[in-house]
Every structure is written in C-alpha cells, then in structure tokens.
Amino acid sequence: MKLKIKTIYTIISLALVTVLTACGDGDENQEMGSENENEDTQSTRTYTDSLDREVEIPEEPQDIVAINYFGELTALGITPVGATDYDLDKYEDEVTEGIESVGSEEADAEKILTLDPDLIVVSDYREAEAIENYEKIAPTVALEFGKPPLEQLETVAELTGREEEHEQWIEEYEADVEEAREEIDPYVEDGETAVVMQFYEKDIYMYSTSTFPTIYDAAQFEPTEEAKNITDSESLSQEVIPEYSADRIFVMFADTTAEENYEELSEKSIWADLPAVQNDKVHIVDNDYWSDFNAKLMKWQLDDLVEKIKE
C-alpha cells in the first residue's frame, strides 16, 4: 500500500500550529507541496502499539524522533533526527552528533514539527494528550514501559524493520558477555549473590532482578531470595538492610542528598558489619548509566562491571 504519510501529517500540523504557517506565499507552498508528495510517498504497514492503537507507519522509517527509546534505536544503528535533552546530555558526542534537541522530558511539539519526522516513538507512560499532540505531527507509536532491555530492543527492531541489525547486535553482545565472564571469573566465587541498591534522596530502593540483566544474566550473579521476591520496586528501611544484603552490593546515588545519606549510613554498624562491606565487595556505580535500562547502555554496563570487580 502506498500512502503519502509525511505530506499528510505535515499538512494537518501546519493547519494546527499557526506560528509555523505564517511564512511563504501560496504559490511557493503549492509548489513545495507538490515536490514533497513525490519525495515522501512510501510503503506503509499497520502497527498495533502497546496502547492497542493501530498506527499506520512507514515500512522503513527514515526520520525518527525518539522521545523515548533512544538507546534501542542507536543500538540498532539508527540515528534519530530528534531526541530529548535527557538522552542527548547522557551519551557521548559521537552518538548524538547531528541529532536535534526537541526539548526536555516533555518534548516540544513545534520543534518536532520542524524536523518533519516520519515516525515518533514514545513510551506508553506518557499522558494521552501528549501522544495525541504528537500524532498530529507524524505517526506516533507508544511502546510498553518497563520491559526487560533485550525484549525492548527486539520490539524496537520489529517496529523499525531492523531485524538483521538486531541479530547482529545480539551476536556481538553474547561474545562480549563471554569475554566478560572470563575476565571476572578469578574474582567471583561460585554461587556468589549480588543485589543493587539505589539511594534516592533519603530513601533506599531495590528493583526487580529483570531490571539488571547485566548483573544477573550476563555476569551470572545469583539474586538473594529477598531480591527474587521483588516484582517492581521496594523501599527499604535501614533496619532491614541486613535481610536484603548479599555477598556483593552495587550502590547507586540518584542525587547529592542520596550520597550524603549513604555516607551517614556507612558509618553505622548496620552497614559496616555487612559481609559485602567486610569483604570489600561494595561497588559504587554511576546512577545515570545503570538506572537507564536499555541495550545501548548494557554494553557500557558490562565493561563497567568488569572494571569495578577487578579493582
């Protein structure tokens, strides 16, 4: 099926966003519209997103705005035309070069419109009104929030027609995992347990083990029984920390207050007496890179984990 989706969405958007329609005369716009109809005609297919919406999307989208899932897209070799500052500020220049900012966490619809995307990718936790506004600009697909990273990568690959790139990424990652296991083997005991604790302001959180495939699947640390029972997230009081502890603890600080809270806790016996502390098996990891669960960062996490364990 052929459909001039970019042209259609652009015409709709231009009628809605008046600040962007005040330039150019009628003859020029008519001529440009005719040219765009020729350039932007492409094959489409119907995609059912996580909100059970049927969205007509390009077979091979070329100009994607990544309001979410930047890591998955770039892992598959896709360079979005636009992304939020959240991602652009996190990744190195070689990844973000040439990608336009569409604003902070809540993307600017007018800025997105200027990029003339043929697909917008968002997470389904976003407000319905925001998704509706994006839909006026270009086909907008909402994907399920909170999927395990490798499942999410597969979903994005299917959405964008990058199944071959997905297979290649998996092959490379599996090779990296084998190499990492060999490197840490002399430092890790058989059956060694591990947990991840995130200090957030005055609170301490633990998350489902599926959140950290680098630790439990790649490095093959065992989760404790308490960690296995966490299905989403759980806030811990300081008093129960010994019950949730493990042979090895990975610690993240979400903010300055959290780091101060950790420093205070580390001086108390309830923390200092933990086996992981006594055996020098507590690792401070970067919250920005370890709390963002996507395939792009999984390789970074793998390298970081090896480095931390070998220190």
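Taking the numbering used here, I'd label the letters of the sequence shown as residues 559 to 869.
Ideal placement from N, C-alpha and C gives every residue a C-beta, glycine not left out.
In whole angstroms, what is the alpha-carbon distance linking residue i and residue j?
{"i": "Asp674", "j": "Thr713", "result": "24 Å"}
{"i": "Gln620", "j": "Leu832", "result": "52 Å"}
{"i": "Val753", "j": "Leu631", "result": "29 Å"}
{"i": "Lys705", "j": "Ser824", "result": "33 Å"}
{"i": "Glu723", "j": "Lys826", "result": "49 Å"}
{"i": "Thr772", "j": "Leu860", "result": "6 Å"}
{"i": "Glu821", "j": "Ala624", "result": "37 Å"}
{"i": "Ala834", "j": "Val809", "result": "12 Å"}
{"i": "Thr814", "j": "Glu618", "result": "43 Å"}
{"i": "Asn819", "j": "Lys760", "result": "6 Å"}
{"i": "Ile867", "j": "Asp676", "result": "44 Å"}
{"i": "Pro697", "j": "Val679", "result": "9 Å"}
{"i": "Glu817", "j": "Tyr644", "result": "21 Å"}
Under the rule that 16 or more other beta-carbon atoms within 10 Å means buried, what is residue i, buried or exposed?
{"i": "Ile842", "result": "exposed"}
{"i": "Arg806", "result": "buried"}
{"i": "Asn837", "result": "exposed"}
{"i": "Gln554", "result": "This structure leaves residue 554 out entirely; the chain is present only between 559 and 869."}
{"i": "Ser803", "result": "buried"}
{"i": "Arg603", "result": "exposed"}
{"i": "Gln726", "result": "exposed"}
{"i": "Gln796", "result": "exposed"}
{"i": "Phe811", "result": "buried"}
{"i": "Glu786", "result": "Just to set this straight, residue 786 is Lys in the shown sequence, not Glu. The residue is exposed, with fewer than 16 neighbouring Cβ atoms inside 10 Å."}
Under the DSSP definition of a beta bridge, which residues are partnered with residue i?
{"i": "Val639", "result": "Per DSSP, none; premise fails for Val639."}
{"i": "Tyr627", "result": "Paired residue(s): none; Tyr627 is not in a bridge."}
{"i": "Thr606", "result": "Glu612"}
{"i": "Ile807", "result": "Val753, Val840"}
{"i": "Ile622", "result": "Leu677"}
>> I'd like the ranges of any beta strand (DSSP E) spanning at least 3 consecutive residues and lying wholly in the stretch 747-797.
In response: 752-758, 761-765, 791-794
>> Which complete alpha helix (DSSP H) runs does the stretch 697-741 hold, if anything under 4 residues is left out?
In response: 707-718
> Quick check: the stretch 852-861 against the stretch 627-644, are there 3 or more CB pairs under 8 Å?
Replying inline: yes
>> Going residue by residue through the stretch 656-686, where are the continuous beta strand (DSSP E) segments of at least 3 residues, counting only ones entirely within it?
In response: 677-681
> At a cut of 8 Å, does the stretch 653-661 reach the stretch 636-643 through at least three beta carbon pairs?
Replying inline: yes
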